[in-house]
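Each residue of the sequence shown is one higher than the one before, counting from 44 in our numbering.
Structure first, commentary second.
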Amino acid sequence: MKWSQFFSTSIGKKLLVGATGFFLCTFLIVHLAGNFSLMKDDGGQAFNLYADFMGHNLLIQALAWGLKAVIVIHAFLAIQLTIRNQKARPVKYAVKPGNKTSSWFSRQMAIMGSILLIFIVIHLANFWWKMHYGGIPTSVYDGKKVGDLYTVVWKAFGKVELVALYVVGMIALAFHLVHGFKSSMQTFGFNHPKYNGMINFIGLWIFGILIPALFALIPVYIYFNKI
Ligand code: HEM
Numbered sequence: 044m045k046w047s048q049f050f051s052t053s054i055g056k057k058l059l060v061g062a063t064g065f066f067l068c069t070f071l072i073v074h075l076a077g078n079f080s081l082m083k084d085d086g087g088q089a090f091n092l093y094a095d096f097m098g099h100n101l102l103i104q105a106l107a108w109g110l111k112a113v114i115v116i117h118a119f120l121a122i123q124l125t126i127r128n129q130k131a132r133p134v135k136y137a138v139k140p141g142n143k144t145s146s147w148f149s150r151q152m153a154i155m156g157s158i159l160l161i162f163i164v165i166h167l168a169n170f171w172w173k174m175h176y177g178g179i180p181t182s183v184y185d186g187k188k189v190g191d192l193y194t195v196v197w198k199a200f201g202k203v204e205l206v207a208l209y210v211v212g213m214i215a216l217a218f219h220l221v222h223g224f225k226s227s228m229q230t231f232g233f234n235h236p237k238y239n240g241m242i243n244f245i246g247l248w249i250f251g252i253l254i255p256a257l258f259a260l261i262p263v264y265i266y267f268n269k270i
């Protein structure tokens with residue numbers, strides 16, 4: 044079987060969804076670490092210099108475009124798989140009680156994934172688009188002129204509607220990652236009593252609770268500390 048044929052099968056698509064999902068999980072850790080400097084009380088210096096470096100480093104820019112492609116591939120294949128699964132099971136799970144949990148999870152993944160996709164589009168329009176194409180104010184640090192993305196973000200999170208949208212987005216992220224992380228591990232064959240406890244722990248506590256909670260903390264912190 045050719046690779047192109049393999050990736051048009053359900054198992055091939057599932058593998059790609061798992062691999063792209065895993066890549067997106069690693070991006071979230073780096074993104075969270077970088078965003079934490081938004082809460083540093085230095086008038087935005089650390090965050091703006093970090094954003095300027097990320098925005099001008101060629102390798103990171105290539106990765107950033109790859110990242111957007113990965114998000115599109117992940118969402119597209121996941122939607123295709125969901126539609127395929129629904130078509131393959133027209134009688135729903137009422138006749139298959141054993142499948143109730145997995146059907147609930149896949150429906151939940153589709154709903155939370157869709158909310159996340161809407162969140163990401165609004166998020167990119169608010170910050171990434173403004174930073175690269177919208178013309179934002181600038182600041183000068185040690186003679187170096189850089190975009191003042193810090194002020195853009197702080198102003199944006201002064202609005203309670205946007206903070207609420209981020210909190211809802213992070214709840215969707217939490218649900219999506221609890222099942223998504225475990226599912227991607229299982230797709231890669233990590234389904235053994237020796238590792239399952241650790242995989243469930245990381246899926247629930249790190250990706251399902253800690254990471255979404257810390258992401259949600261940033262807009263909430265900014266809202267309550269706005270100038
Ligand atoms: C809630 C806290 C978050 C804050 C404050 C935040 C902030 C930012 C900012 C300021 C940028 C623009 C950086 C630049 O273009 O140089 C950005 C880009 C981005 N964010 Fe977030 N983000 C948050 C959460 C998330 C989450 C949860 C996701 C994914 C589910 C996400 C996905 C992205 C993506 C894909 C980009 C584009 C990256 C790039 O092109 O380099 N962000 N974020």
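No residue lacks a Cβ here, since even glycine has one placed at the ideal position from N, Cα and C.
In the displayed model, T52 falls within coil according to three-state DSSP, outside both helix and strand. Assignment of alpha helix (DSSP H) within the region 157-207, counting only whole runs of 4 or more residues, yields 192-199 in chain order. For P180, the shortest separation between its Cβ and any heavy atom of the ligand HEM does not lie below 7 Å. The DSSP-derived three-state label of M213 is helix.
Just so you know, the alpha carbons of A256 and H219 end up roughly 14 Å apart.
Of the residues assessed, K225 falls on the buried side of the cut-off, its CB having 16 or more other CB atoms within 10 angstroms. For N243, the Cβ stays outside the 7 Å cut-off from all heavy atoms of the ligand HEM. Relative to the ligand HEM, the beta carbon of G86 is positioned no closer than 7 Å to any heavy atom. Counting along the chain, N128 sits inside the alpha helix (DSSP H) bounded by residues L101 to A131.
Taking 7 Å as the cut-off, one finds at least one heavy atom of the ligand HEM near enough to the beta carbon of L81. Note that the C-beta distance between F96 and S80 is not below 8 Å. For W46, the shortest separation between its Cβ and any heavy atom of the ligand HEM does not lie below 7 Å. Going by beta carbons, F170 and L192 fall inside the 8 Å limit. For the pair I122 and L59, the CB atoms are not nearer than the 8 Å cut-off. Per DSSP, the unbroken alpha helix (DSSP H) holding K237 starts and ends at P236 to F244.
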